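Worksheet: the structure to be examined is printed underneath.
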Amino acid sequence: MVYGLSTKYNSSIDYGLWTIDKINMNRLNKLFSTKKDNLLSIYYTAGYPEINTTLDIAEALEKAGVDFLEVGFPYSDPVADGPTIQHSSEKALENGMTLNLLFDQLADLRKRVTIPILLMGYANPMIQYGVERFCKKAAEVGVDGVIVPDLPMYEYETLYAGYFKANGLSNIFLVTPQTSEDRIRKIDELSNSFIYLLSSSSITGGNLQVSVNIEDYYKRIKAMQLKNPEIIGFGISDNKSFSKACEYAAGAIVGSAFVKLLGTKGYLEKIDEFVKGIRP
Amino acid sequence: MKYGVNEQGYYGDFGGAYIPEMLYPNVEELRQQYLNIINGDEFRAEFNQLLKDYVGRPSPLYHAKRYSEKYGANIFFKREDLNHTGSHKINNAIGQILLAKRLGKKRIIAETGAGQHGVATATVCALMGIECVVYMGEIDMARQAPNVSRMKMLGAKVVPAVSGSKTLKDATNEALRDWIGNPVDTHYIIGSVVGPYPYPDMVARFQSVISFETKKQLLEHTGNELPQYVMACVGGGSNAMGMFYHFLDDEQVKLVAVEAAGKGVDSGHSAATTFLGKEGVLHGSRTILMQTDDGQVVEPYSISAGLDYPGIGPQHAHLYKINRAQYVSVTDDEALQAGLLCCQLEGIIPAIETAHALAQLEKMKFDKADNVVICISGRGDKDLDTYIKYFGY
Ligand SMILES: Cc1ncc(COP(=O)(O)O)c(C=O)c1O
Chain A
269 MVYGLSTKYN SSIDYGLWTI DKINMNRLNK LFSTKKDNLL SIYYTAGYPE INTTLDIAEA
329 LEKAGVDFLE VGFPYSDPVA DGPTIQHSSE KALENGMTLN LLFDQLADLR KRVTIPILLM
389 GYANPMIQYG VERFCKKAAE VGVDGVIVPD LPMYEYETLY AGYFKANGLS NIFLVTPQTS
449 EDRIRKIDEL SNSFIYLLSS SSITGGNLQV SVNIEDYYKR IKAMQLKNPE IIGFGISDNK
509 SFSKACEYAA GAIVGSAFVK LLGTKGYLEK IDEFVKGIRP
Chain B
25 MKYGVNEQGY YGDFGGAYIP EMLYPNVEEL RQQYLNIING DEFRAEFNQL LKDYVGRPSP
85 LYHAKRYSEK YGANIFFKRE DLNHTGSHKI NNAIGQILLA KRLGKKRIIA ETGAGQHGVA
145 TATVCALMGI ECVVYMGEID MARQAPNVSR MKMLGAKVVP AVSGSKTLKD ATNEALRDWI
205 GNPVDTHYII GSVVGPYPYP DMVARFQSVI SFETKKQLLE HTGNELPQYV MACVGGGSNA
265 MGMFYHFLDD EQVKLVAVEA AGKGVDSGHS AATTFLGKEG VLHGSRTILM QTDDGQVVEP
325 YSISAGLDYP GIGPQHAHLY KINRAQYVSV TDDEALQAGL LCCQLEGIIP AIETAHALAQ
385 LEKMKFDKAD NVVICISGRG DKDLDTYIKY FGY
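Note that the protein sequences, when read in sequence, are chains A and B.
The opening position of the first sequence corresponds to residue 269 in my numbering, with each subsequent residue numbered one higher.
The opening position of the second sequence corresponds to residue 25 in my numbering, with each subsequent residue numbered one higher.
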């Protein structure tokens with residue numbers, strides 16, 4: 269215990285090896301090895317607007333042609349989220365969504381959905397559930413990766429990476445225009461499916477801003493020739509912003525705009541049209 | 025320091041920096057620079073000068089004779105209520121604004137519960153001519169209305185936090201969201217020993233002036249710089265940490281931290297974090313917080329806006345876990361009664377936060393010769409409405 273953390277897992281991980289064996293099996297890596305551009309991912313909050321439609325939404329998104337999904341597990345204090353996803357999280361919690369329930373719902377996941385799935389949420393619910401148990405359970409139901417914006421790299425490496433590795437789960441890191449080159453290199457090293465590129469430092473639900481600076485930023489990232497593909501997220505809401513993002517990255521993620529659709533009547537029937545509107 | 029933070033920002037199992045990547049550059053810049061800056065001669069000179077001439081330090085250590093008689097010990101009040109702006113919060117605000125200036129920041133944001141930290145921040149921003157935005161829960165804006173007006177008069181913009189319980193926790197969320205969206209020119213002046221490393225350590229250092237002065241003053245009063253007891257209330261824990269700081273390594277000094285029990289620890293309306301909380305992550309640090317089995321943060325309750333917070337700073341979580349300090353709790357009713365008693369015995373109207381620490385005196389068993397220092401963290405002007413409603417004056 270070097271730093272006085274009650275370290276349950278000792279971090280002497282061979283990331284090289286990891287890339288070769290376990291992770292080759294996961295659906296995300298298969299997807300990224302076969303499809304290199306125009307990838308579309310959709311985020312939604314489990315338990316919103318109704319408690320029991322998690323898999324119905326996933327199924328509809330796959331049918332509409334979405335390449336991979338991010339299913340949010342709600343948290344009471346989502347500091348990285350704007351009003352739309354805050355609202356969906358609040359409603360989902362009111363509806364009774366918990367991690368236990370979500371994993372129950374996902375038990376049939378792989379009978380109904382074949383595309384890769386990531387779980388996205390905040391550190392505290394995962395820590396309460398138990399990170400090891402969380403990783404095991406996620407792998408068991410067929411989840412491929414996890415995005416936890418407030419789980420820091422240091423804690424991930426020293427405490428948790430072993431659990432992710434043992435269960436073949438990819439951990440996704442975020443990069444912003446302010447992230448230093450050294451840090452991006454380190455993130456690239458720790459990543460094994462894709463890097464989540466933010467178009468600007470912002471909470472979710474903003475608008476994609478493309479300025480000269482941003483172009484420079486995307487070019488800077490491209491020039492680094494990272495081993496992992498980049499997917500742009502935060503602020504992608506329509507065909508225009510999606511297409512723009514795809515000029516610079518392998519694909520993009522739509523979150524708040526889709527969550528808004530879920531807040532309307534008859535949302536399941538509208539999913540196909542929404543997705544085709546983003547990527548015809 | 026035995027109980028201080030390590031290089032990774034941890035106090036035992038608690039602390040760290042659980043922040044999204046968007047906050048990383050700002051927090052990392054602080055981490056790399058804060059010690060160099062605040063230990064610099066020129067910074068210290070300016071900090072000390074402002075504490076002396078502007079804040080009015082040192083704050084007196086007052087031997088409360090009637091309290092001493094009543095409780096059968098030598099009770100001393102460390103008078104942070106006499107500071108400019110009326111509480112200990114100004115010590116930290118002065119330190120952080122000087123730091124922000126040296127980091128070249130052009131805009132300041134802050135969260136506030138009771139409004140004392142918001143007022144302190146608005147004050148130092150006026151002093152330095154820097155733009156100031158304060159986030160405050162909508163409920164707190166109503167119950168601490170005079171402080172909202174004060175902040176506005178001082179030139180700050182006050183933004184209501186309307187999510188969640190609409191109190192301190194939610195104001196902190198909004199401030200963090202603002203900081204995410206303003207990653208270059210903005211400094212976030214956190215008001216307590218909470219948040220990602222290095223905040224808990226930085227704020228504790230700025231507040232440590234409280235115990236630094238107390239030691240010298242106690243030596244003058246009693247011939248011994250060490251008391252038997254040091255007591256303070258705990259919201260996030262900054263006045264308590266400042267009051268404990270220079271006594272931490274003096275193991276014979278008993279440290280007592282008083283949390284807000286609200287309507288009672290088991291009433292479902294409480295903010296007694298160490299009684300009701302479990303280990304987890306809140307506002308960027310691993311600490312003890314009130315939460316459900318599913319890891320959702322539980323909305324706390326206390327009549328005192330400054331103590332109405334579901335967590336405590338990570339250093340407090342550590343001191344609690346290793347038993348270096350004793351954590352106790354006091355209800356709304358006990359605190360209000362203690363506040364009134366302090367008016368009537370000592371002619372001091374304390375903040376309701378402070379009144380929680382005073383109420384704990386009723387439950388202590390002192391020896392006649394014991395020297396007891398209690399931090400009077402703030403004055404009660406902001407709470408007159410609440411006192412008046414409760415007692416019907
Ligand atoms: C007078 C006073 N005391 C105590 C507190 C609680 O904060 P902390 O625990 O950080 O000292 C506040 C917070 O607003 C306050 O105004």
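Idealized CB from N, CA, C, for every residue including glycine.
Quantities reported herein were computed from a predicted structural model and do not represent experimental measurements.
Kindly list, in the order they appear in chain B, the residues whose Cβ is closer than 8 Å to that of residue i.
i	result
F371/A	Going along chain B, no residue has its Cβ under 8 Å from F371/A, so there is no contact; the nearest lies around 12 Å.
Are any of the Cβ atoms in chain B nearer than 8 Å to that of residue i?
i	result
A434/A	no
I395/A	yes
T444/A	yes
S344/A	yes
D418/A	yes
N278/A	Reliability of the predicted coordinates at N278/A is poor, the pLDDT of 39 falling under 50, and no value is obtained from them.
N392/A	yes
T447/A	yes
T322/A	no
L466/A	yes
T366/A	yes
F462/A	no
F441/A	yes
L529/A	no
At least one CB of chain A closer than 8 Å to the CB of residue i: is that the case?
i	result
P207/B	yes
A41/B	yes
R131/B	no
Q320/B	yes
V305/B	yes
Q315/B	yes
I49/B	In the sequence as presented, Ile is not what sits at residue 49/B; that position holds Pro. True, the Cβ-Cβ gap to chain A drops below 8 Å.
Might you give, ordered along the chain, the residues of its own chain that have their beta carbon closer than 6 Å to the beta carbon of residue i, omitting 5 neighbours on each side?
i	result
S92/B	N98, I99
G523/A	Y311, T472
D273/B	K26
A381/B	M255, A256, C257, V282, I398
Locate the alpha helix (DSSP H) running through residue i, then write down its first and last residues.
i	result
N223/A	The shown model of chain A, from 269 to 548, leaves out residue 223/A, and the question about it has no answer.
R378/A	377-380
V51/B	48-62
S262/B	262-268
A429/A	429-434
Counting only Cβ pairs nearer than 7 Å, list the residues of chain B close to residue i.
i	result
Y422/A	Q32
L361/A	Q320
Return the chain-ordered list of same chain residues with a C-beta closer than 8 Å to the C-beta of residue i, the five sequence neighbours on each side being excluded.
i	result
A124/B	I132, I154, H211, I213
P49/B	P207
Which same chain residues, not among the five before or five after residue i, have their C-beta less than 7 Å away from its C-beta?
i	result
Y42/B	P220, V305, G308, S309, R310
F101/B	Y86, A88, I398, I400
F248/A	Look at the range of chain A in this structure, 269 to 548, and you will see that residue 248/A is not part of it.
I499/A	L307, S309, F462, Y464, L465, A517, A518, G519, A520, I521
T136/B	G142, V158, M160, A195, G215
K405/A	F371
K176/B	V182
L529/A	Y535, K538, F542
I118/B	F71, L74, L75, V79, V148
K239/B	E249, H270
I504/A	L476, F510, A513, A520, I521, V522
Taking Cβ-Cβ distances shorter than 8 Å, what residues in chain A pair up with residue i?
i	result
P204/B	Position check: residue 204/B holds Ile in this sequence, whereas Pro was assumed. Within 8 Å Cβ-Cβ: V347, A348, S469, S470, I471.
E135/B	Those do not exist, as E135/B stays about 12 Å from chain A at its closest Cβ, beyond 8 Å.
E45/B	P417, F441, L442, V443, T444, T447, L466
K193/B	D345
Residue i touches chain A at which residues, Cβ-Cβ below 7 Å?
i	result
N197/B	D345, V347
S187/B	Q354
L200/B	V347
Ends of the beta strand (DSSP E) at residue i?
i	result
P184/B	181-185
R348/B	That residue, R348/B, is in no beta strand (DSSP E); it is neither H nor E in DSSP.
A256/B	253-257
Could you list which residues in chain A have their beta carbon closer than 9 Å to that of residue i, in chain order?
i	result
P251/B	Within 9 Å Cβ-Cβ: nothing; P251/B doesn't reach chain A, min ~30 Å.
ask   = Could you give the uninterrupted runs of the alpha helix (DSSP H) lying entirely in the segment 343-427 of chain A, keeping only those of 4 residues or more?
value = 351-362, 367-373, 377-380, 391-397, 399-409
Quiz item: Can you give, in chain order, each stretch of the beta strand (DSSP E) that sits fully within the segment 200-229 of chain B and has at least 3 residues?
Solution: 210-212
**Item:** Contiguous beta strand (DSSP E) assignments of at least 3 residues, all confined to the segment 360-406 of chain B
**Value:** 395-400
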